[in-house]
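Okay, so the sequence shown: first residue is 56 according to our numbering, each after it adds one. One structure below.
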Amino acid sequence: MSLGIPEIILIAVVVLLLFGGKRIPELARSLGKAKYEYKKAKKSLEKEAADLEKTIDKAGETAVKAEKADLSEKEKSSEA
Numbered sequence: 056m057s058l059g060i061p062e063i064i065l066i067a068v069v070v071l072l073l074f075g076g077k078r079i080p081e082l083a084r085s086l087g088k089a090k091y092e093y094k095k096a097k098k099s100l101e102k103e104a105a106d107l108e109k110t111i112d113k114a115g116e117t118a119v120k121a122e123k124a125d126l127s128e129k130e131k132s133s134e135a
């Protein structure tokens with residue numbers, strides 16, 4: 056679904072009627088700040104998720120190594 060020229064004009068007229076000419080720049084600034092904060096928070100969450108994924112991968116690798124060492128230790132003790 057895309058907006059055509061008539062829809063955009065209609066939205067602009069409604070915004071102008073609702074907020075008035077003086078408040079539109081203030082509203083635009085607020086929307087710009089909100090967009091910036093959203094992008095900043097999204098980037099931060101993506102970084103945290105990537106770090107968490109790396110930590111989980113390392114923990115999994117450590118667990119596998121420990122299990123292999125435990126199994127080889129048991130095999131050695133059962134052979135003796």
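Even glycine gets a Cβ: it sits at the ideal position worked out from N, Cα and C.
Backbone CA spacing between Glu-81 and Ala-96 [nearest angstrom]: Your numbering for residue 81 matches position 26 in the sequence shown. Your numbering for residue 96 matches position 41 in the sequence shown. If I take the Cα positions, the gap works out to 23 Å.
Leu-71 beta carbon less than 8 Å from that of Gly-79: Here residue 79 refers to the residue found at position 24 of the sequence shown. Here residue 71 refers to the residue found at position 16 of the sequence shown. Residue 79 is actually Ile in this sequence, not Gly. Yes, they are a contact pair.
Through-space distance from Ser-57 to Lys-120, alpha-carbon basis: In the sequence shown, counting from the first residue as 1, residue 120 sits at position 65. In the sequence shown, counting from the first residue as 1, residue 57 sits at position 2. For Lys-120 and Ser-57, the distance between alpha carbons rounds to 53 Å.
Collapsed DSSP secondary structure at Gly-115 in the structure displayed: Along the sequence shown, read from residue 1 onward, the residue named residue 115 stands at position 60. Of the three classes helix, strand and coil, the one that applies to Gly-115 here is helix, per DSSP.
Whole-angstrom distance between Lys-123 and Thr-117, CA atom to CA atom: As a working mapping, residue 117 is identified with position 62 in the sequence shown. As a working mapping, residue 123 is identified with position 68 in the sequence shown. In a straight line, the C-alpha of Thr-117 is about 10 Å away from that of Lys-123.
Helix, strand or coil at Ser-99 according to DSSP, with G and I counted as helix: Along the sequence shown, one-based indexing puts residue 99 at 44. It is helical.
DSSP-derived helix/strand/coil call for Leu-82: As a working note, residue 82 is residue 27 in the sequence shown. Correct three-state label for Leu-82: helix.
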